[in-house]
Amino acid sequence: MKTISMLFLAAFTAWAASVVSRDLATRKILNSSIRTGIKLLAAGLAAFGLYTWSGYAGRSQSFLTYGFYGMFFLHLFWSALAGIILWYAEIWPAGDAKFFILVSAALPLVNPYIKNFPGFLFLSLLINIFVAASFWAVGSHIASGFASASPSDFFSEIWADFKERLAGLSAGKNKIGVAVSALNLGFLFLLQQILSMEARGFISRFMSRADLLFFFLFILWDKVGDVFRSRRWVYLSAACYLFYFFLGYFLFRERLWLLFVTAGSNLFRFGLLLFFGRFMLEFLMERKDTRYLSVAELEPGAVLSSKAAREFKANPVFEGLFDDCFKDGLTEEQVAAVREWLKKLPVRDPKVEVVRGRPFALWIFAGAALLLALDRNIVGLLR
875 MKTISMLFLA AFTAWAASVV SRDLATRKIL NSSIRTGIKL LAAGLAAFGL
925 YTWSGYAGRS QSFLTYGFYG MFFLHLFWSA LAGIILWYAE IWPAGDAKFF
975 ILVSAALPLV NPYIKNFPGF LFLSLLINIF VAASFWAVGS HIASGFASAS
1025 PSDFFSEIWA DFKERLAGLS AGKNKIGVAV SALNLGFLFL LQQILSMEAR
1075 GFISRFMSRA DLLFFFLFIL WDKVGDVFRS RRWVYLSAAC YLFYFFLGYF
1125 LFRERLWLLF VTAGSNLFRF GLLLFFGRFM LEFLMERKDT RYLSVAELEP
1175 GAVLSSKAAR EFKANPVFEG LFDDCFKDGL TEEQVAAVRE WLKKLPVRDP
1225 KVEVVRGRPF ALWIFAGAAL LLALDRNIVG LLR
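Under the working numbering, read the sequence shown as residues 875 to 1257, first letter to last.
Pasting the structure below:
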C-alpha cells in the first residue's frame, strides 16, 4: 500500500507542479489541467480500491478497509464545500477553488493516517495556505519598503493609508453597525456553545468546533455581514437573550455564565480575526498589487480591488450588477457598465482601482506540502 501512496504522490506532485508553473506564468488555471487532476485522483482511488478488494479476498496483508472510503467522501464533501464558498465569497477565482479541492482530496491518499481526517483536514489545509501566503505577502511588502530609495517615505505612506482605512471603519454609522453586529454575533456564538454542550451526536461534534464557525463567518463576511446589522436580527437577538437568561436561571443556572463568558470570548477572538485578517491584512496585501485603469485600458477579466468592489456594490447606478463580483474578473456586461459610468463622471481621465491577480496555486501546493511534512497546521506549531 505504501508503494501506491508513493507512486500517487509522485504523479500528483508532477501534475500540481505543472499547474503551479502555468499559474505563475499566466495567472490562470486551465480547465484541461483540472480534468487531468480529476483523472489522476480517480486512478489513485481505483488503485487503492483494488488493494482493498484483494485484502478482503485474503491476497494482501496491508490494505484500507471499506470505512476509509466513507471518510474519504466526507472529506471530499467538506473540501468541495470550502472551495465553493471561497469562490462565492470572492476570495479565489474558480480555477484556484477547483485546484484546492483536488489537492485537498489527494491528501488522504498520500497519507491515510493524516491528522484531522476526515472532518477537519480541509480546515488545517486552509490555515496553512492563508497563514503562509499572508506572512509572505506582508513580509515581501515590508522588505520592498526597506529596499526602496526612501524607506521612511514608504512606511509613512503605509501608515497614512492605514490610518485612513481605520478612520473609515470607525466612522459614525460604522460604529453603530459594529455594535449591532456584535450583539447579533454574540448570540450566534452563544447558540454554538449551547448546542455543543447540550446536543448529541453529529450536531454536538460539529458545533463544538468554534473554528469552523470562525471560518465560514470570516470567509463569507462580505456576503452575510449586512444580515447581522439588520434591525430584524437585533430584535430577534434581544428576544433570544432574554429567553436564554430566563430559562437558564431555572434550568442550568450553574452553566449560565460559563456559556455566556465563553461565547463572549469567542466573539472577541473573532472580532480581532475579522479586523486584522479581513480588513487590515486585505488592505495591506492588495496595496502592493493595486493599479489604476482608464476607460480605454479596462477589459473583461480585470479584478477589482476590494475597495472598488465595495463602492460599486453600494452604487445605485449599477442596480445590483456588482452584488457578485468574483475574482475571475469583470464580465463584459460589467465592463460596459463601468465604462459608461466613467464617461459620465465630471473628472478628467477617470480610472478604476484594480489589482493584479495573485497566482494562489503556489500557496495551495505549499500549504499541502507543509501539512504532509508537519502533519498539522502552522498555527498548531505555535501552541
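All C-beta atoms in this analysis are idealised placements derived from N, C-alpha and C, irrespective of residue type, glycine included. From a predicted model like this one, the values you see are computed outputs, not experimental measurements.
Three-way DSSP call (helix, strand, coil) for E1193 in this model: Your numbering for residue 1193 matches position 319 in the sequence shown. Coil at E1193, not helix or strand.
Stretch-stretch touch, CB-based, cutoff 8 Å, three pairs: the stretch 968-988 with the stretch 876-892: yes
Classify A891 as helix, strand or coil using the three-state DSSP reduction. In the sequence shown, the residue the question calls residue 891 occupies position 17. Of the three classes helix, strand and coil, the one that applies to A891 here is helix, per DSSP.
Return the first residue and the last residue of the beta strand (DSSP E) that Y1166 is part of. Translated into the one-based positions of the sequence shown, residue 1166 becomes position 292. That run of the beta strand (DSSP E) goes 1164-1167.
Taking the straight line between their C-alpha atoms, what separation do you get for S906 and R1222? For the purposes of this step, residue 906 is taken as residue 32 along the sequence shown, with counting starting at 1. For the purposes of this step, residue 1222 is taken as residue 348 along the sequence shown, with counting starting at 1. Answer to the nearest angstrom: the Cα atoms are 44 Å apart.
Excluding five sequence neighbours on each side, which residues of the same chain lie with their C-beta closer than 6 Å to the C-beta of F996? Mapped onto the sequence shown, residue 996 falls at position 122. Excluding residues within five positions, the ones whose Cβ falls inside 6 Å are W952, S953, A956, S978.
So for L1246, helix, strand or coil by DSSP? Translated into the one-based positions of the sequence shown, residue 1246 becomes position 372. L1246: helix per DSSP, three-state reduction.
Where does the unbroken beta strand (DSSP E) through V1101 begin, and where does it stop? In the sequence shown, residue 1101 corresponds to position 227, counting from 1. First-last for V1101: undefined, no H or E at that position.
According to the neighbour-count rule (16 or more other Cβ atoms, all chains shown, within 10 Å of its Cβ), is K1218 buried or exposed? Looking up residue 1218 in the sequence shown gives position 344. It is exposed - the Cβ of K1218 has fewer than 16 other Cβ atoms within 10 Å.
Those residues which DSSP pairs with L1178 across a bridge: As a working mapping, residue 1178 is identified with position 304 in the sequence shown. DSSP output for L1178 lists V1228 as bridge partner(s).
Backbone secondary structure at A1113 - three-state DSSP: As a first step, residue 1113 must be located in the sequence shown, where it is residue number 239. Reduced to three states, the DSSP call for A1113 is helix.
Should W1033 be labelled buried (16 or more other beta-carbon atoms within 10 Å of its own) or exposed? Counted from its first residue, the sequence shown places residue 1033 at position 159. It counts as exposed.
If we ignore side chains and look at the alpha-carbon of each, how far apart do S928 and S934 end up? Translated into the one-based positions of the sequence shown, residue 928 becomes position 54. Translated into the one-based positions of the sequence shown, residue 934 becomes position 60. Approximately 6 Å, taken between the alpha carbons.
Contacts around R901, its chain only, beta-carbon distance under 6 Å, and the 5 residues preceding and following it disregarded: As a first step, residue 901 must be located in the sequence shown, where it is residue number 27. Excluding positions up to five away in sequence, the list reads G1231, P1233.
When DSSP labels each residue in this structure, what does N905 get in the three-state scheme? Taking the first residue of the sequence shown as 1, we reach residue 905 at position 31. In this structure, N905 counts as helix in the three-state DSSP scheme.
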